[in-house]
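Step one of this worksheet: look at the structure below.
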Amino acid sequence: MSVEVLRTATVLYAASAVSYIFFFVRPHRVRAVRMGFALVAGAFLVHAVAISLACRESGGTQFFALRGGLGMLAFVGAGLFLVLEWLYPLPAVGAFVLPLVVIAALPGLFGLGSSQTGVLPSVVRLPALKVHVSTAIGGVALFAIAFGVAAMYLLQEREVKGKHFGVLFSRLPSLESLDRLNQSLVRTGFAVWSVALVTGAMVAKNAWGSFWMWDPQQVTALLVWLLYGAMVELCHMGMHGRRYALLTLAGFALLMTSMIALGTVPNVTRHGGNFQ
Amino acid sequence: MSDVFLVGLSHRTAPIAVRERVAFSGETLAEGLADLRARPGVEESLVLSTCNRVEVLILATSAEPARRFLLSRSADAAGYLYERAGREAARHFFRVAASLDSMLVGEQQIAGQVKEAYRLAAAAATAGPHLSRLCARAFVAAKRVRTETEIGRGTTSVSQVAVELVAKIFGNLSGRSVLLVGAGKMGASSAKALASLGADHVLVANRSRDRAKWVARRARGHVRDFSELPQLLTEADVIIVATSAPHFVVTAEMVEATLKPRRYRSMCLIDLSVPRNVDPRCAQFENVFAYDMDDLQRVVRATWHARAEEATRAEAIVEAEVMAFLAERNERAALPVLSALRQRAEAIARLEAQKTLSLMGEHIDEKGRMSVEAMARAIVNKLLHAPTARLKAAAASGDTALPGAAAVLFGIDEAEPARASEPEDASAPKVAMPEQR
Numbered sequence: 545m546s547v548e549v550l551r552t553a554t555v556l557y558a559a560s561a562v563s564y565i566f567f568f569v570r571p572h573r574v575r576a577v578r579m580g581f582a583l584v585a586g587a588f589l590v591h592a593v594a595i596s597l598a599c600r601e602s603g604g605t606q607f608f609a610l611r612g613g614l615g616m617l618a619f620v621g622a623g624l625f626l627v628l629e630w631l632y633p634l635p636a637v638g639a640f641v642l643p644l645v646v647i648a649a650l651p652g653l654f655g656l657g658s659s660q661t662g663v664l665p666s667v668v669r670l671p672a673l674k675v676h677v678s679t680a681i682g683g684v685a686l687f688a689i690a691f692g693v694a695a696m697y698l699l700q701e702r703e704v705k706g707k708h709f710g711v712l713f714s715r716l717p718s719l720e721s722l723d724r725l726n727q728s729l730v731r732t733g734f735a736v737w738s739v740a741l742v743t744g745a746m747v748a749k750n751a752w753g754s755f756w757m758w759d760p761q762q763v764t765a766l767l768v769w770l771l772y773g774a775m776v777e778l779c780h781m782g783m784h785g786r787r788y789a790l791l792t793l794a795g796f797a798l799l800m801t802s803m804i805a806l807g808t809v810p811n812v813t814r815h816g817g818n819f820q
Numbered sequence: 004m005s006d007v008f009l010v011g012l013s014h015r016t017a018p019i020a021v022r023e024r025v026a027f028s029g030e031t032l033a034e035g036l037a038d039l040r041a042r043p044g045v046e047e048s049l050v051l052s053t054c055n056r057v058e059v060l061i062l063a064t065s066a067e068p069a070r071r072f073l074l075s076r077s078a079d080a081a082g083y084l085y086e087r088a089g090r091e092a093a094r095h096f097f098r099v100a101a102s103l104d105s106m107l108v109g110e111q112q113i114a115g116q117v118k119e120a121y122r123l124a125a126a127a128a129t130a131g132p133h134l135s136r137l138c139a140r141a142f143v144a145a146k147r148v149r150t151e152t153e154i155g156r157g158t159t160s161v162s163q164v165a166v167e168l169v170a171k172i173f174g175n176l177s178g179r180s181v182l183l184v185g186a187g188k189m190g191a192s193s194a195k196a197l198a199s200l201g202a203d204h205v206l207v208a209n210r211s212r213d214r215a216k217w218v219a220r221r222a223r224g225h226v227r228d229f230s231e232l233p234q235l236l237t238e239a240d241v242i243i244v245a246t247s248a249p250h251f252v253v254t255a256e257m258v259e260a261t262l263k264p265r266r267y268r269s270m271c272l273i274d275l276s277v278p279r280n281v282d283p284r285c286a287q288f289e290n291v292f293a294y295d296m297d298d299l300q301r302v303v304r305a306t307w308h309a310r311a312e313e314a315t316r317a318e319a320i321v322e323a324e325v326m327a328f329l330a331e332r333n334e335r336a337a338l339p340v341l342s343a344l345r346q347r348a349e350a351i352a353r354l355e356a357q358k359t360l361s362l363m364g365e366h367i368d369e370k371g372r373m374s375v376e377a378m379a380r381a382i383v384n385k386l387l388h389a390p391t392a393r394l395k396a397a398a399a400s401g402d403t404a405l406p407g408a409a410a411v412l413f414g415i416d417e418a419e420p421a422r423a424s425e426p427e428d429a430s431a432p433k434v435a436m437p438e439q440r
């Protein structure tokens, strides 16, 4: 049942992505933006229904596996996009972020990636775990949007600096607004990720008896935290623009590789590779 | 046989690196006109030199003197020159004056620049009656295009393109400062337009402080000393350079030195000068965006939302004015034949009236004498009325045969009419129409 509802949500996400891409190609079609926004909002609500149905069906344990985790990522990403559009109306961003949302939602539909979930040990059934999982997903979603924005920055920078003034030049927002948006996404993502790291350590203490076990999961999470932390500091030191965008891409690449590696390679982490 | 020739190079044919070597500044233009006049075969001449084009208009037997004149400025221009003769030269010049050949089609500055070019040529006495008439008609065409079409509405000035470019880098300019180096009109209007993007400070640096004050008032900015330029480059975010200096005013080394003190803040350099005042190597630094006039043209091409309909109407107006100009010129070319014919007929009438009156001697009073003279004149007028009308019509339509035939038929010496009618038209062809070559 929840899969059918999820399918509807994914179709709506895809339709909104098409809408935003259409607007990107034909920027005078402002109606496409309103439609795209309505579609994302609709998809988000339907997705919320799918998640609550899934929780009722199986207790929500699938969201701790890679497939379910990605679906949750799509959900949080879409929600963040809606908030972003509200705060900084840069509809061109939709053309870059919504396809990512669709990609994240797809494994849930086609059964890609691991979905096996065991029963969670009662010892980790703590409020901290809920906070940990939601902040971790929120952090990844923020970094994913930052990734999209950084890619837009690099494309626009290539146009402006290389004096191409092609189609992208007139369609993409100004460099400054992309740069600022990227910086605030990285800053917020870093703050959220910090919470995930701390709560993760608390969960580890409960599950394994120690805050820090040099578990690959913990080590990669710390590396990601350090990288984004360095970016926040570099931003304060005046770094911005192209280098910052490249670092954002690198950070997200590291995050994605570690997530997929830890999620697909069995038994690489202490909790069985399935975020359990 | 003399005709109008136009030789030049523009933003359409030549890159800025070539244009800046051929371009004239205020003082060198007068020398250039003198040089051009001294060249054999050149009867009249005019030089139009703007940031986007250098064009030489001459009345001569061939385009060669103008071509050699431009090549003497820079041999590199050879591959970029275009040539127009007769009707095509007039059409090109009209299109230029009407801003149809401009980098920013419809911009208003070019009309003033063409007028200034004519004023200089007239002051140097190199623009004679022929080019004067051509220019007068070009101004009429430009005015009609401006008032009868919407081609210039809501567009396109260099400052607007600069604003568009800056907006793509900075979004708005609140909290940022704009520096204007040089105090020309174009720079001033760009600075003013950028101030409208919300810039906090507009700084003006110019060698002449009085002029800087005037510009600063217009753009609501502050005057700073020209010698502070390196420091100003550190402060400002958008730098517009528009001076008439023949060398780089902002060098790559100067920009490199500002990077660290600026903490690598983005910097946009817009060079509106020809020859260029900003070293193109400045663009190599990260977060430094440097543009010259050619780059602005690329922006225009990218953002040019077809004003095709207005452009078609404007082209039609130009075409009509070119036709009117040529008809007028042809008519004038037929005038020598007509005027010689009339002079001869009137002379005969006067002579015959005198003969008759002297035969009548005392038998005729003053009233009778006047009647005889009036009759002689009336016969001439009546006889010449139809030929005059037909010759004028034939000339206006470019028919060269009829005026020629009339000259032959009435035995008018080719040298006679020129002497008789318009001495300044001595160079103008008497019978054959030049654009028929």
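If you read the protein sequences in the order shown, they are chains S and Z. Just so you know, we're using the numbering used here here: the first sequence kicks off at 545 and counts up by one. Just so you know, we're using the numbering used here here: the second sequence kicks off at 4 and counts up by one. Where is the CB? At the ideal position from N, CA and C, for every residue including glycine.
> Between 56(Z), 31(Z), 64(Z), 32(Z), which lies nearest to residue 46(Z) when the distance is taken from Cα to Cα?
Replying inline: 64(Z)
>> Please give the ranges of any beta strand (DSSP E) in the segment 254 to 286 of chain Z, keeping only runs that are unbroken, at least 3 residues long and fully inside the region.
In response: 270 to 274
> Looking at the structure shown, is residue 5(Z) part of a helix, part of a strand, or coil, going by DSSP?
Replying inline: coil
> Looking at residue 566(S) and residue 576(S), is the spacing between their C-beta atoms short of 8 Å?
Replying inline: yes
>> Can you look up residue 585(S) in the DSSP assignment and give me helix, strand or coil?
In response: helix
> Measuring CB to CB, does residue 729(S) end up less than 8 Å from residue 693(S)?
Replying inline: yes
> Can you round the beta-carbon distance between residue 799(S) and residue 766(S) to whole angstroms, since I take them to be within the 8 Å contact cut?
Replying inline: At roughly 12 Å, the Cβ-Cβ gap does not stay under 8 Å, so residue 799(S) and residue 766(S) are not in contact.
> Apart from the five residues on each side of it in sequence, which residues of its chain come closer than 6 Å, Cβ to Cβ, to residue 618(S)?
Replying inline: 645, 648, 649
> Using Cβ-Cβ distances below 8 Å, what residues of the segment 254 to 285 of chain Z are close to chain S?
Replying inline: 266, 267, 268, 269
>> Please list the terminal residues of the continuous beta strand (DSSP E) segment that includes residue 52(Z).
In response: 47 to 52
> If you run the structure through DSSP and keep just helix, strand and coil, what is residue 772(S)?
Replying inline: helix
>> For residue 191(Z), report the span of its alpha helix (DSSP H) as first-last.
In response: 188 to 198
> According to a CB-to-CB cut-off of less than 9 Å, which residues of the segment 780 to 799 of chain S neighbour chain Z?
Replying inline: 781, 782, 783, 784, 785, 786, 787
> When you compare only the Cα positions, how much space is there between residue 230(Z) and residue 207(Z)?
Replying inline: 12 Å
> According to a CB-to-CB cut-off of less than 7 Å, which residues of the segment 698 to 718 of chain S neighbour chain Z?
Replying inline: 704, 705, 707, 709, 710, 713, 714, 718
> Who are the Cβ neighbours of residue 366(Z) in its own chain at under 8 Å, not counting the five residues just before and after it?
Replying inline: none
> Between the C-alpha atoms of residue 406(Z) and residue 19(Z), what's the straight-line distance to the nearest angstrom?
Replying inline: 48 Å
> Helix or strand or just coil, what does DSSP make of residue 60(Z)?
Replying inline: strand
> Nearest to residue 249(Z) by alpha carbon, out of 29(Z), 13(Z), 391(Z)?
Replying inline: 29(Z)
> What residues of chain S sit near residue 320(Z), judged by a beta carbon separation below 8 Å?
Replying inline: Going along chain S, no residue has its Cβ under 8 Å from residue 320(Z), so there is no contact; the nearest lies around 30 Å.
> Can you give the Cα-Cα distance for residue 779(S) and residue 640(S), rounded to whole angstroms?
Replying inline: 23 Å
> Using DSSP with H/G/I as helix, E/B as strand and the rest coil, what is residue 419(Z)?
Replying inline: Residue placement at residue 419(Z) cannot be trusted, given a pLDDT of 47 that sits under 50; the coordinates are not used to answer.
>> Mapping the DSSP letters down to three states, classify residue 135(Z) as helix, strand or coil.
In response: helix
> Under 8 Å between C-beta atoms, does residue 720(S) make it to chain Z?
Replying inline: yes
> Tell me which same chain residues have a C-beta within less than 6 Å of the C-beta of residue 681(S), skipping the five on either side of it?
Replying inline: 616, 617, 620
> Are the beta-carbon atoms of residue 186(Z) and residue 218(Z) separated by less than 8 Å?
Replying inline: yes
> Leaving out the 5 sequence neighbours to the left and right, which residues in its chain are closer than 8 Å to residue 265(Z) when beta-carbon positions are compared?
Replying inline: 237
>> Please tell me whether residue 289(Z) has its Cβ less than 8 Å away from any Cβ of chain S.
In response: yes
>> Please state the DSSP three-state secondary structure of residue 27(Z).
In response: coil
> Would the beta-carbon of residue 272(Z) fall within 8 Å of that of residue 302(Z)?
Replying inline: no
> In the segment 155 to 184 of chain Z, which residues sit with their C-beta less than 7 Å from some C-beta in chain S, listed in chain order?
Replying inline: 170, 171, 172, 173, 174
> Roughly how many angstroms separate the alpha carbons of residue 171(Z) and residue 713(S), rounded to a whole number?
Replying inline: 8 Å
>> Here's the rule I'm using: 16 or more other beta-carbon atoms within 10 Å means buried, otherwise exposed. How should residue 389(Z) be labelled?
In response: exposed
> What are the partner residues of residue 207(Z), as DSSP defines its beta bridges?
Replying inline: 183(Z), 226(Z)
>> Using a Cβ-Cβ cutoff of less than 8 Å, which residues in the same chain neighbour residue 269(Z) once the five nearest sequence positions on both sides are dropped?
In response: 172, 173, 240, 290, 291, 292
> Three-state secondary structure (DSSP) at residue 176(Z)?
Replying inline: coil
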